[in-house]
Every structure is written in structure tokens, then in C-alpha cells.
Amino acid sequence: MRCVPISLSQTQMEYEVYRHKDVTDEDFNKIDQIFKQVLKEDKDLCNAAQKNLNTGVYVHGNLHPQHEKGPLFFQKSVKDLVMSHHESEEKQGREIWPATPVPVMTKELSEEMDFCRKIDCLAKNGNNGQLSW
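Using our numbering, you'd call the opening residue of the sequence shown number 775 and step up by one each time.
Encoded structure:
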């Protein structure tokens, strides 16, 4: 499934359905009907939510604990990861960017980075954001 933004209030949904070469028509049609029913229900919910957003009466609420276990699990997983990441940043006293390569810290590089940080702080705090050379 692809969600393709069309405008601020419209999204185009695109689906590709694959079928195992050995599945019977009967079995495929059963699962296909279930899939289409779930998609229709989701589409109806999204359209109703968008209608409420457009009129300014949208009120968010909790997900249903029995009928929306997948989204609840996903939400909890993301929340746990974000909270854990934030905790790591707090402990280290800096932002952590996992995808950014980290230079090998040598004594010389550490001194240079400290020097640059001090200059940057002086520029921001002591001279209206401008260094006096």
C-alpha cells in the first residue's frame, strides 16, 4: 500500500495485491474480500475524520484495545523507542543522530571541537551572534 499526498486534505491510496501461484481462486477470493472489507472500513473512518477536521470538530480519542491491537502495538513500540532515545541523549548531554557517522575522537580533535564550541557560545551569547575579529 502506498499513500500518495494529493493536497492538504486529500491522499490517494494505491495497492498492489500479489497472489501465490498455487493458491486456489476460492482461497484467494476469500482473503481478497476480507482485505477489501478492512480497507473500506479504514477508508470510511479516514473520510469521517477528514470531514470533522475540515469542519473543526475533530476530537482525537484512544484506540480501541480489542479492535486496534496492531496500531496500539506500533504506537507503544515507537513511544518506547523515542523515550529510550531521549533518555540516552539526556545521559550523554547531547543529541544523538544514529545515522550520522561519528568521527574517531582523538585528543587533538577533541581539543579542536571544544575550541569551536567555545567560540560558537561566545558568538551567540556575548556579541549578538557575531564574532569580533
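Idealized CB from N, CA, C, for every residue including glycine.
Contact between E861 and I870 is ruled out by a C-beta separation of about 10 Å, above the 8 Å threshold. As the crow flies, the alpha-carbon of V797 is around 57 Å from that of M879. A distance below 9 Å separates the beta carbons of L837 and P845.
Bounds of any alpha helix (DSSP H) do not take in M787; it lies within the beta strand (DSSP E) bounded by 784-788. V876 carries a coil assignment under DSSP once its states are collapsed to helix, strand and coil.
Collapsing the DSSP output to three states places I808 in a helix.
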